[in-house]
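Novice: Pasting a structure here, questions to come.
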Amino acid sequence: MTETTVHVVDDDPSFRTAMSRMLRASGYVVKTYGSAGEFLAERDSDEPGCLVVDLQMPGVGGLDLQSALAQSRAPMPVLFLTGHADTASTVRAMRSGAEDFLEKTDPQDRLLDAIRRALVRDAAERRARVAQRELHGLFDTLTAREREVLGHVLQGRLNKQIAADLGIHERTVKVHRKSLMTKLKVRSVAALTRLAQEAGVDGPAAATFPLGQ
Amino acid sequence: MLVGACITLCAVSLWAWFRDRAARAHLAFSGAALSVAVYAFLELTLLHAQTIDAYAVSARWAQVPITTLLVSLAAFVHFSLGTGRGWLAVCAVGIRVAALPANFLTGQSLNYLEITALRSARILGEPVSTVVAVPNPWMLLVQASGLLLTLFVADASVTAWRRGQRGASVRMGVAIALFLLAGHVQAILVFWGYVQSPITISVLFVVVIGVMLYSIADSVARSSALTRALRASEQQAALAVDAAHMGIWSRDMSSESIWANPTWRAMFGFAADEPLTSRSLLERIHPDDRSALQVALARAIEHAGEYQLEVRVVLPDGQVRWIAALGRVESGPGGAAVGTRGATIDITQRKHAEHEVLRLRQDIAHVGRVSVMGQLAAALAHEINQPLGAILRNAEAAALFMDDPAPDLAEVRLILDDIRQDDQRASAVIGRLRRLLQRQPIEKCALDVGRLLDDVAVLLRSDAAARQVHVEFDVVGHLPPILGDRVQLQQVLLNLVLNGMDAVDGLADGFRSVRVTAREEPGQAVEISVADTGPGIAPDALEKVFESFYTTKAAGLGMGLSISRSLVEAHGGRLWAEPDCATGARFRFTIPIAAGGG
Chain Z
-13 MTETTVHVVD DDPSFRTAMS RMLRASGYVV KTYGSAGEFL AERDSDEPGC LVVDLQMPGV
47 GGLDLQSALA QSRAPMPVLF LTGHADTAST VRAMRSGAED FLEKTDPQDR LLDAIRRALV
107 RDAAERRARV AQRELHGLFD TLTAREREVL GHVLQGRLNK QIAADLGIHE RTVKVHRKSL
167 MTKLKVRSVA ALTRLAQEAG VDGPAAATFP LGQ
Chain C
22 MLVGACITLC AVSLWAWFRD RAARAHLAFS GAALSVAVYA FLELTLLHAQ TIDAYAVSAR
82 WAQVPITTLL VSLAAFVHFS LGTGRGWLAV CAVGIRVAAL PANFLTGQSL NYLEITALRS
142 ARILGEPVST VVAVPNPWML LVQASGLLLT LFVADASVTA WRRGQRGASV RMGVAIALFL
202 LAGHVQAILV FWGYVQSPIT ISVLFVVVIG VMLYSIADSV ARSSALTRAL RASEQQAALA
262 VDAAHMGIWS RDMSSESIWA NPTWRAMFGF AADEPLTSRS LLERIHPDDR SALQVALARA
322 IEHAGEYQLE VRVVLPDGQV RWIAALGRVE SGPGGAAVGT RGATIDITQR KHAEHEVLRL
382 RQDIAHVGRV SVMGQLAAAL AHEINQPLGA ILRNAEAAAL FMDDPAPDLA EVRLILDDIR
442 QDDQRASAVI GRLRRLLQRQ PIEKCALDVG RLLDDVAVLL RSDAAARQVH VEFDVVGHLP
502 PILGDRVQLQ QVLLNLVLNG MDAVDGLADG FRSVRVTARE EPGQAVEISV ADTGPGIAPD
562 ALEKVFESFY TTKAAGLGMG LSISRSLVEA HGGRLWAEPD CATGARFRFT IPIAAGGG
């Protein structure tokens, strides 16, 4: 796993340098970019970290960068900085889901707290994303028939009903059911239901696998 | 009796001429009257001559008064009609004078080579003498001269008539011409011996004198009527001068005396009996206006013309008044200035009103700037916080570096340099803001167009970034400096660009742009255009947008364009909206280039 990095995107070179100096002196690994485009081009998606971005930049602004990032496979907590937090820009940023919104002249500890929080969240989200991916990998091992059976099981149908629906023998249903529970490492239907919920799989959609990336 | 009357007339008109040297007709008249008197006397001796010799002597001397009479007549006609062919008069008089030697050197007089007999006759029961004599051929000269003079008088009368002079003087000219003709006809008939008759030309001459007298009496009557009319119009003028609170003054250059009416004295703070001199007058003028007044006066005197200017007058109590002065220099016959006359009006109130209007205009412009700054407030706070934030982060970083047991001093030095630069950046922005927000009178100087656009670009940058509008500044070619007030022209540009940014507000990303282009305009001006990609202006609103309180914005006051136009016009330029623009609205304005700049 690569190092945790704070990415600073700002069109003002002087502020960029000062920010980078302070964060480095505070013990962070810092990378700076002059524009949103530069960041998107150079970004390593596996890298853990957070993004500190100037809200007002010519061309692609901070909010645009946030939405582009949110749609990517590896989102990253975004911290907005602005020269002056007027009502209009604050409302706009909050509406777009800004996590933190700081003025450039806010004191150091507020900024470092916000960065710390963002990194903690990034780590948590990253862990959740890994778990999710593993879970999806587990579900992906199921065969098409097993997925069909899973879908029916999650809807609370009996083996007999499933057999009738799928036009197969009840014993065959039992075999599939046992196999998928073994693959998913669960012993009870209750545990199966909980796992499916975690993976975001519900009854009717169960047949639309794979989930993993 | 005739002689006495003529001498009296001569004396009276000589006195009249003495009183008024310009009335030369009077002098001519007195000459004529004197000549007639002398001639009448000589004629009397002719009529009563008892011997041929006595007759001849009288006849010879009678030519002298006749000559002077004719000279006087020519002069009289010339002066009283003011016209006539000079060469005719000069010929007539010249020939007549040339005939005088012949009078004394040939024959027994100019009329007779030799008188052979003296006869007696009776006129009105009075015994008179006539002669039988051989005519002198030199007499032809006299008669040619008389004919020329008659022609001169007749011609002068006709010319005067044609010019529209229909008065007694023209009638007089005609009468003189007729009597001259009659006199000469009589002389020809008698002297050439066609008619045996005594000489009675003096009677005709008396008629001529009478006609002349009538003419003079008529002109005297008219001049007294004129005097009355003049007095009446003077009174009316004085009334008008009083009603208009007009100060009137005149200055005689030769005596250096200055006269002024009471209004003028009150205006300049002089007491009614206080003597006026050029120096005391100049001392009343505001020191800043003295040289302008002196220059104007000197120029008027040099060219014998008029002057007109507005000056401040400082009264003895310190009160300052604005005075509009109008004067005319009067020149003498030689063209040299002999005096000055002038009128003055107190325009203090008007000047105060003008200053008030100017002040109000500046206030409105200032309010406009404050309102523009209001629109930009958030963006400008951002613009200032940018360097302040950088300074803060650098200071924090430096503090952290210094916590290190072996701090990187080179890095700290770099940080300090950056802090200094950012500080300057922040104060530059604040300086720009302060200049824009100051309330100051218009101050025109040569401005670089590129720098002007740069200043505006800096002020707009943050707002443009926040609103995601692409604002572009473009200078075409090398532009000469323009003559203008930096703050006011920034205000105009800010207004136009902010309007453009408002116009593109609702458009999709990438379609919001405002373009400012400056180029040299043939005709001593630089034209700056501000074009946006918004919906444009309806053709019928192209002029309306410049009216006060006309606005299409929810939060707009509708003053921006109206103020901008008045600012541009105060610079001697024009501001207008383009009628046909395929892509949005376009405003253009011109500012004259600075003298010597291009």
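Just so you know, the protein sequences line up as chains Z and C, in that order. Per the working numbering, the very first residue in the first sequence carries number -13; after that it's consecutive. Per the working numbering, the very first residue in the second sequence carries number 22; after that it's consecutive. Idealized CB from N, CA, C, for every residue including glycine. Every value quoted in this text rests on a predicted model; they were computed, and no experiment measured them.
(1) Could one say the Cβ of residue 403/C lies closer than 8 Å to chain Z's Cβ atoms, at least one of them?
(2) Quick check on DSSP: helix, strand or coil for residue 605/C?
(3) Please tell me whether residue 436/C has its Cβ less than 8 Å away from any Cβ of chain Z.
(4) For my contact list, residue 440/C and residue 416/C are in at a C-beta cut-off of 8 Å; report their separation, rounded to the angstrom.
(5) Less than 8 Å separating the beta-carbons of residue 280/C and residue 268/C?
(6) Below 8 Å, how does it come out for the segment 486 to 502 of chain C and the segment 438 to 458 of chain C: are there three or more Cβ pairs, yes or no?
(7) Residue range of the beta strand (DSSP E) that residue 360/C falls in?
(8) Identify each residue in the segment 469 to 481 of chain C for which the Cβ-Cβ distance to at least one residue of chain Z is less than 7 Å, and report them in chain order.
(9) Does DSSP classify residue 173/C as helix, strand or coil?
(10) Applying the criterion that 16 or more other CB atoms from any shown protein chain within 10 Å of the CB defines a buried residue, is residue 614/C buried or exposed?
(11) With a cut-off of 8 Å, does the C-beta of residue 7/Z fall near any C-beta of chain C?
(12) Does any CB atom of chain C fall closer than 8 Å to the CB of residue 24/Z?
(13) Might you give, ordered along the chain, the residues of its own chain that have their beta carbon closer than 8 Å to the beta carbon of residue 565/C, omitting 5 neighbours on each side?
(14) How about residue 389/C and residue 512/C: are their beta carbons less than 8 Å apart?
(15) As a quick exercise: from 561/C, 77/C, 371/C, 346/C, pick the residue whose alpha carbon is nearest that of residue 362/C.
(16) Mind pulling the chain Z residues with CB within less than 9 Å of residue 483/C?
(17) Where does residue 497/C fall in DSSP's three states?
(18) Beta carbons nearer than 9 Å to chain C: which residues of the segment 84 to 107 of chain Z have them?
(19) Quick one: what does DSSP say residue 172/Z is sitting in, helix, strand or coil?
(20) Can you find a heavy atom of the ligand COA that lies under 7 Å from the Cβ of residue 388/C?
(21) Less than 8 Å between the beta carbons of residue 567/C and residue 583/C, yes or no?
(22) Cβ of residue -2/Z less than 8 Å from any chain C Cβ?
(23) Across the segment -2 to 12 of chain Z and the segment 103 to 120 of chain Z, are there enough close Cβ pairs to call them in contact, namely three or more that are closer than 8 Å?
(24) Once DSSP output is grouped into helix, strand and coil, what is the label at residue 79/C?
(25) Name the chain Z residues whose beta carbon is nearer than 7 Å to that of residue 422/C?
(26) From the DSSP output, in three-state form, read off residue 288/C for me.
(27) Does the segment 122 to 129 of chain Z touch the segment 85 to 105 of chain Z, meaning 3 or more C-beta pairs lie closer than 8 Å?
(28) Taking only runs that begin and end inside the segment 244 to 292 of chain C, name each unbroken alpha helix (DSSP H) of 4 or more residues, in chain order.
(29) For residue 66/Z, decide whether its Cβ has a neighbour in chain C, counting only Cβ atoms nearer than 8 Å.
(30) Classify residue 215/C: buried if its beta carbon has 16 or more other beta carbons within 10 angstroms, exposed otherwise.
(31) Hey, is residue 3/Z's beta-carbon within less than 8 Å of any beta-carbon in chain C?
(32) For the segment 146 to 171 of chain Z, which residues have a beta carbon sitting closer than 8 Å to at least one beta carbon of chain C?
(33) If we call anything under 8 Å between Cβ atoms a contact, is residue 170/C one with residue 113/C?
(34) Assuming residue 69/Z and residue 407/C are in contact, meaning their beta carbons sit under 8 Å apart, how far apart are those beta carbons, in whole angstroms?
(35) Would you say residue 183/Z and residue 403/C are within 8 Å of each other, going by their C-beta atoms?
(36) Below 8 Å on the Cβ atoms is my guess for residue 149/C versus residue 138/C; work out the distance and round it to an integer in Å.
Specialist: Here's the rundown:
(1) yes
(2) coil
(3) yes
(4) 7 Å
(5) no
(6) no
(7) 358 to 367
(8) none
(9) helix
(10) buried
(11) yes
(12) no
(13) 571
(14) yes
(15) 346/C
(16) 42, 69, 70
(17) coil
(18) 89, 90, 91, 92, 93, 94, 97
(19) coil
(20) Only the bare structure without any ligand can be found here, which leaves the ligand COA out of the picture.
(21) yes
(22) yes
(23) no
(24) helix
(25) 11
(26) helix
(27) no
(28) 283 to 289
(29) no
(30) exposed
(31) yes
(32) none
(33) yes
(34) 5 Å
(35) no
(36) Contact flag wrong, Cβ pair sits at about 15 Å.
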